[in-house]
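Here the structure is laid out as structure tokens; the discussion comes afterwards.
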Amino acid sequence: MNIKPILALCALLALAGCQSVYDAKAAMKKGGYQQVMMDTQDLNAFPERDQTLVLNWRAHSKMALGYRDSARVDYLRAWNIMNHGDGGGVAAANWFSERQKFWMGDPYERAFNSWYLGVLYYQQGKFEDAMACFRNAIFVDTGDLKQGEFAADWLPAFVMRMRCFLTRGDEGSVKMLLEEISRLEKDKANFDPECPWLTVEAQKDANVVMMIELGEGPYFTAEGHHGSVRAMNQGDYRERFAEVFVNGQKLGTTYKIGDTFYQCITRGGRVMDDILKGKAIAKTTMIAAGATAMAVGHRVGGKGGLVAMGVGAAVLIGGLLMNAEADIRGNTLLPGETHLMMAKLPPGKHDVELRFYDANGRELRDMRQVGVPLEVPETGDAVLLARSHPRYKPGSQSQAQADPYAGLPKKK
């Protein structure tokens, strides 16, 4: 009984379900956000199970390049899937690769999706839509409190929701959110408890909100027995805080209000983790049992030996087909930290300069950003979203409404 061709086919089938998703980090190194935006132009070029993740990457790259309206459309499309969809491929994931499941994101990834969408709505002046997005970011960041699970503790969503309430003149709701923040554990790994803008007075006094993103967010690797353990790894980056200058004058130092790695590692386990552990044990057992049965059958010979070899081959093939490797897909374009700067500036146009520093207080001159435009309205807020590296392009109002693919060649 020659089973080598069968085993070769099984190996190919197993690998076919595990092909890696688009490498956004590699694309960023090759050509930055423009490369990601172009590579993801045709969403149907990607497996359906990966398209929600690809939509988030595409939206992020568009937002970073200043195409805010187009980015908002992509974020909203992904938002609807991540918050209202049931996903798919779950049954196949229980036997074959976990990557057969539709990517729906971890809680912190869903929170970022809602938050970016909310910021884009806020910048457009659609405050009710923005408020709903920030509320959803808080909701998806909250576990089952009755079961003693985690409470929402990602402050960027709280801060922007407070700004929405102030557009209504609703100070009572601002106080309510600040009370929720005051009950959180004051862990500097997550946010700086000395942040001066966590009072009603500071919120009312400000008309400028700057959200400054630093570094690279976490990423996943498959570790342990048959790669069944999804390990969470912190992104590597030098910058630790920023200073903000407006019209040549120092405005102040930013305060950390969100740490993405902290959110990643404190959001609880997954149902799939136990399944993967069981699959890893079963895979090892089936391969060993199948190989042993085939060896015994070969020694016995005759009809009984052939039957034993056939059963052993079936068990061995089942073990080879079973894929216990953890799904390591994730939104690798997210930042490592989110910092806040709030201020009150006179209405009109201003020039912003951002300087970034390492843990020892040394400026990282290659990250300095000058001439960042900021226009403060007569009423309401000016909201600036910036990033240390790769930096965002603020973009003009005309670019915000433009088609990012207009006049560009179609990706082949």
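This note's numbering numbers the first residue of the sequence shown as 21 and each following residue consecutively. Just so you know, even glycine gets a beta-carbon here, dropped at the ideal spot from N, CA and C. Being a predicted model, the structure only gives us computed values, none of them experimental.
Only residues of its own chain outside the window of five on either side were considered, and among them 63 have a CB closer than 7 Å to the CB of residue 71, listed in chain order. With fewer than 16 other CB atoms across the displayed protein chains lying within 10 angstroms of its CB, residue 190 is exposed. In this structure, residue 259 lies near residue 377, with their beta-carbon atoms less than 8 Å apart. Nearest to residue 355 by C-alpha distance, out of 233, 268 and 283, is 233. Shown here for residue 137: same chain residues with a beta carbon closer than 7 Å to its own, the five before and five after excluded, namely 92, 95, 96, 99 and 153 in chain order.
Straight-line spacing of the CA atoms in residue 47 and residue 56 works out to 6 Å.
One Cα belongs to residue 45, the other to residue 352, and the distance between them is close to 7 Å. Residue 359 is positioned such that its CB atom lies closer than 8 Å to that of residue 275. Per the C-alpha coordinates, the member of 140, 390 and 84 positioned closest to residue 269 is 390. In this structure, residue 230 places its C-beta atom within 8 Å of the C-beta atom of residue 361. With fewer than 16 other CB atoms across the displayed protein chains lying within 10 angstroms of its CB, residue 371 is exposed. Our two residues, residue 424 and residue 144, have alpha carbons roughly 18 Å apart in a direct line. Selection 151, 266, 253 and 104 evaluated against residue 286 yields 253 as nearest (Cα-Cα). In the three-state scheme derived from DSSP, where H, G and I count as helix and E and B as strand, residue 406 is classed as strand. About 6 Å separates the Cβ atoms of residue 215 and residue 277, confirming a contact at the 8 Å cut-off. Of the other Cβ atoms in all chains shown, 16 or more fall within 10 Å of the Cβ of residue 401; this residue is therefore buried. Residue 280 carries a helical assignment under DSSP once its states are collapsed to helix, strand and coil. In the DSSP annotation of this structure, the continuous segment of the alpha helix (DSSP H) that includes residue 51 starts and ends at 44 to 59. About 5 Å separates the Cβ atoms of residue 263 and residue 375, confirming a contact at the 8 Å cut-off.
Comparing C-alpha distances from residue 217 to each of 173, 178 and 284 shows the shortest one belongs to 178. Inclusion of residue 369 and residue 227 in the CB contact set at 8 Å is not warranted, their separation being larger than that value. Rounded to the nearest whole angstrom, the CA to CA distance from residue 367 to residue 403 is 13 Å.
For residue 363, the uninterrupted beta strand (DSSP E) run begins and ends at 357 to 363, by DSSP. In the structure shown, the three-state DSSP call for residue 41 is coil.
Beta-bridge analysis with DSSP links residue 393 to 371. Under the three-state reduction of DSSP, residue 201 is assigned to helix. Residue 220 is positioned such that its CB atom lies closer than 8 Å to that of residue 198. About 6 Å separates the beta carbon of residue 174 from that of residue 131, a gap short enough to meet the 8 Å contact definition. Residue 90 and residue 102 have their C-alpha atoms roughly 19 Å apart.
With a beta-carbon spacing of about 7 Å, residue 186 and residue 224 fall inside the 8 Å limit used to define contacts. Distance from the CA atom of residue 239 to the CA atom of residue 399, rounded to whole angstroms, is 41 Å. When only Cα atoms are considered, residue 250 and residue 427 end up about 42 Å apart. Shown here for residue 80: same chain residues with a beta carbon closer than 6 Å to its own, the five before and five after excluded, namely 353 in chain order.
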